[in-house]
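Each step along the sequence shown adds one to the number in the working numbering, with nothing skipped, and position 432 is 417.
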Amino acid sequence: WINQQVSPGVWQYESGPINCDPAETRIHAFEYPYGDTAGRRKARNFINTHVPNGHYVIVRNITLGQNYGFPVAWAADWRADETYWGAGQSLYHDLLNAGFTGIDSFYKTRPWVFIYKKNDPSFTPVWMVARDSMDRPSLTLLMPTPDTVGHLTSPVFGPAKAWKNLIWRGSGDPVGDTATVDVIGRRTDGSEQVLFSGLTTAQQNFDVSSASATVYPFMRLRLRTADNTNFTPYQLRYWRLTYDPAPEGAIAANLYLNVKDTVEVGEPLDFKVAFKNISEVAFDSLKVKMVITDRNNVPHIIPLPKRRPLLTAASAPNDTLNIGALVNTTTLPGANTMYIEANPDNDQPEQYHFNNFAYRNLYVKPDSLNPLLDVTFDGVHILNRDIVSSKPDIIIKLKDESRWMALDDTSLLTLQVRYPDGSLRRFYFNNDTVRFTPAGQAPNNDNTAAINFKPWFAQDGEYEMIVTGKDRSNNAAGAIEYRVVFEVINKPMISNMLNYPNPFTTSTAFVFTITGSEVPQNIKIEIMTITGRIVREITKDELGPLHIGRNITEFKWDGTDQFGGKLANGIYLYRVVTNLNGKSLDKYTATGDKTDKYFNKGYGKMYLMR
């Protein structure tokens, strides 16, 4: 506080000089005579009425020897003032209640000092008393006081594509006030650098265009104001930074959104969403980021090229880009989370980023069914230890129900053959013996891959073929591999030909076995009466498809002659006539075969019973 003269010799709040001190030392104090009730009333009125709550108050007496001292009972004199103002109403009571607990401890005239904070119980008052009337007591107390320097910081400006000018205005006292402004650049990582410092009131229109907006897309301002004379701050009216603003875009699913919540494994997902420029500033070529996090919390980054620039709303109203990608879901079975972001990692300055990204859940139906494996020898499903051709045409087919996971990789099938000598050989898809035919392009309702295996088994004996297969989701074709044992006999032979059923009433088929590597060019069955007259010849074409190994003819003889007439009931004879490369086939008799008893010199016997 500063005590000012109201008029010559008259000071504020009824205070006045007691001593003849120069005025320049008295302006920081309010002096009151305390030797009479009137003086103490003035002091008490000043403290209680004019000193605001929370202000520090320093109370001291002035005593220069006995001439200015007071008797030992001075406190009692002050206490007696309550006769005029009421019980407990006196300067003595005011100081006692403020914390001057030593006010009753005087036994002789001495100087003293008391410091307290008005009506603030959080502050602990302090006081001290000198040893005698000629002593000069000193009391030190640390307390917060108004500073001579202050700072004001602006919000962050930007982001900018180019900086232009700083303009600032304000007012202050012509004496004592100083004000300067610092221009601080902020990088995208949040670090800051003072670019222009100490700009004075003479530089209130300042060119900041030399600052790089690429390095410092953001700026903020800091005002320093100082006054160690009157302790009054500079009054800032405004400050402005002019610049070319960065563009602003936003995900706009209301304009375009193409996505599915659920797809089959392997089904391509075309995920696209609109991103719109909503500002008056153009984007450069736009960078896009897309990440899919799978069920195991593993991120899959989808590489995307930069897209074209987005023009301004003025030159191209509602200029948008449909950002996204065609996603391969082969490795994403289960629950996934898709994330897409435009202008990621602050690739170019932009006003806001909270509206640049989107999340989307994606469920990919897993392929949990096993594929099917089918193996045929010369078009026939054989049984264990069946006889096959030494040069068979083996077709191995692998079929899967998944339409999108095309079986197009040779690694999905393995083929091994164990030879009669015990050796095991694996066949690879790199020669004419083994040809791989992939399934058609997805989506494919007949997702089938095939192996065409054309070996030559030159050694007679038993072979074993072992085949394994799996689909693109690693589901195996069965719990164990496919195994089949087969026999190869290179010499062309034919076994006894039995008819079944025998006797028969309506029709009978023929059962026989052929060995070697190829079916005879000519084969026919002659049916005759017991006198030897041929009544029916059944040709190879009539018998239907034949193959090396066990055959049951598709043809069934119905007991009619060559012209379709019904033959009489009775016994009929039949024999087989063959021709392979101009020679008849030798007879093949399997181990344990006891059918010879039904034949006499190559002729068999059948019974027709209608």
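Just so it is clear, CB atoms sit at the ideal spot from N, CA and C, and this is done for glycine as well.
For residue i versus residue j, is the C-beta spacing smaller than 8 Å?
i	j	result
P232	L311	no
D597	P96	With the chain running from -14 to 595 in the structure shown, residue 597 is simply not present.
S374	A443	no
I533	I499	yes
M594	Y557	no
R205	V141	yes
N340	I236	yes
G157	Y101	no
L208	A164	yes
D89	A60	yes
I474	G501	yes
P334	A145	yes
E265	T297	yes
L137	F191	no
F412	F421	no
In the DSSP assignment, find the alpha helix (DSSP H) that holds residue i and state where it starts and stops.
i	result
T25	It should be pointed out that residue 25 corresponds to Arg in this sequence rather than to Thr. That run of the alpha helix (DSSP H) goes T22 to N30.
Y573	Not the alpha helix (DSSP H): Y573 falls in the beta strand (DSSP E), residues D571 to Y573.
K525	K525 to L528
H13	First-last for H13: undefined, no H or E at that position.
L81	L76 to A83
Y69	E67 to W70
Please work out which residues of its chain come closer than 6 Å, Cβ to Cβ, to residue i, disregarding the five sequence neighbours upstream and downstream, and give them in chain order.
i	result
A461	K455
G1	none
L357	K384
K149	S194, T227 and Y228
F55	Note on F55: pLDDT 45, under 50, position unreliable in the model; the coordinate value appears next. Cβ within range, chain order: T94.
H35	Y(-2)
L81	I88
K582	none
Between residue i and residue j, how many whole angstroms is the CB-CB distance? I'm expecting something under 8 Å.
i	j	result
P495	M478	The residue you asked about is not Pro; residue 495 is Phe in the sequence shown. The Cβ separation is near 16 Å, so there is no contact.
R280	G319	4 Å
A424	W389	With a Cβ gap of about 11 Å, A424 and W389 do not count as contacting.
T491	K509	Not confirmed; about 23 Å, so no contact.
V470	E503	Rounded, the Cβ-Cβ distance is 22 Å, inconsistent with contact.
D363	P377	6 Å
E539	E522	With 8 Å as the limit, E539 and E522 do not qualify as a contact, their Cβ atoms being about 17 Å apart.
D603	S182	Any property of residue 603 remains undetermined from this structure, which presents the chain solely from -14 to 595.
G309	I325	6 Å
Looking at the secondary structure, which residues open and close the beta strand (DSSP E) in which residue i lies?
i	result
H285	P284 to I287
T163	T163 to R171
T316	Here T316 belongs to no beta strand (DSSP E), and DSSP marks it neither H nor E.
L206	F203 to A211
F99	W97 to K102
H136	V134 to T138
P253	Taken as a continuous stretch (DSSP letters only), P253 belongs to no beta strand (DSSP E), as it is neither H nor E.
E447	G446 to G454
T305	T305 to V312
R293	Here R293 belongs to no beta strand (DSSP E), and DSSP marks it neither H nor E.
L180	E177 to L184
W112	V111 to V114
L531	Note, L531: premise wrong, no beta strand (DSSP E); not H, not E.
R410	L409 to F412
Q547	No beta strand (DSSP E) holds Q547; DSSP gives it neither H nor E.
Tell me which residues share the same chain as residue i and place their Cβ nearer than 8 Å to its Cβ, disregarding the 5 neighbours each side in the sequence.
i	result
V57	Confidence in V57 is poor, its pLDDT being 47 and thus under 50, which makes the residue's placement unreliable; the coordinate value appears in the next sentence. Within the same chain, V57 has close Cβ partners F91, Y92, K93 and T94.
P122	P96, W97, V98, M113, V114 and A115
Q51	Any reading at Q51 is ruled out, since the residue's pLDDT is 44, under 50, leaving its predicted position unreliable.
D105	N38 and G39
K350	T247, V248, E249, V250 and P318
N355	D456, N460, A461, A462 and G463
Short of 7 Å in beta carbon distance, which residues of its chain neighbour residue i, apart from the five on each side in sequence? Order them along the chain.
i	result
R25	Y19, W63, D66 and L76
R154	Q189, R222 and Y223
N331	T173
C5	At C5, the pLDDT of 47 sits below 50, so the modelled position is not reliable; the number obtained from the coordinates is stated separately. Excluding residues within five positions, none has a Cβ falling inside 7 Å.
P329	K272 and K274
G555	L593
F203	V141, F142, G143, P144 and R171
T514	V520 and Y557
T185	T165
Verify the CB distance criterion: does residue i have a CB-CB separation below 8 Å to chain D?
i	result
I325	The chain inventory of the structure shown lacks chain D, comprising one protein chain alone.
Q) Given 8 Å as the limit, is there contact between the stretch 385 to 393 and the stretch 438 to 448, that is, 3 or more CB pairs closer than that? A) The stretch 385 to 393 is not in contact with the stretch 438 to 448.
**Q.** Three or more C-beta pairs below 8 Å linking the stretch 121 to 128 and the stretch 170 to 177
**A.** The stretch 121 to 128 vs the stretch 170 to 177: no contact.
Q.
When you compare the stretch 364 to 374 with the stretch 420 to 439, are there three or more beta-carbon pairs, one atom per stretch, that lie closer than 8 Å?
A. No, because fewer than three Cβ pairs between the stretch 364 to 374 and the stretch 420 to 439 fall closer than 8 Å, the two stretches do not touch.
**Q.** Any 3 or more C-beta pairs closer than 8 Å across the stretch 225 to 240 and the stretch 253 to 265
**A.** Flag = yes, the stretch 225 to 240 and the stretch 253 to 265 touch.
Q) How about the stretch 209 to 216 and the stretch 264 to 281: do they share at least three Cβ pairs that are nearer than 8 Å? A) When C-beta atoms of the stretch 209 to 216 are compared with those of the stretch 264 to 281, fewer than three pairs fall below 8 Å, so the two segments do not count as touching.
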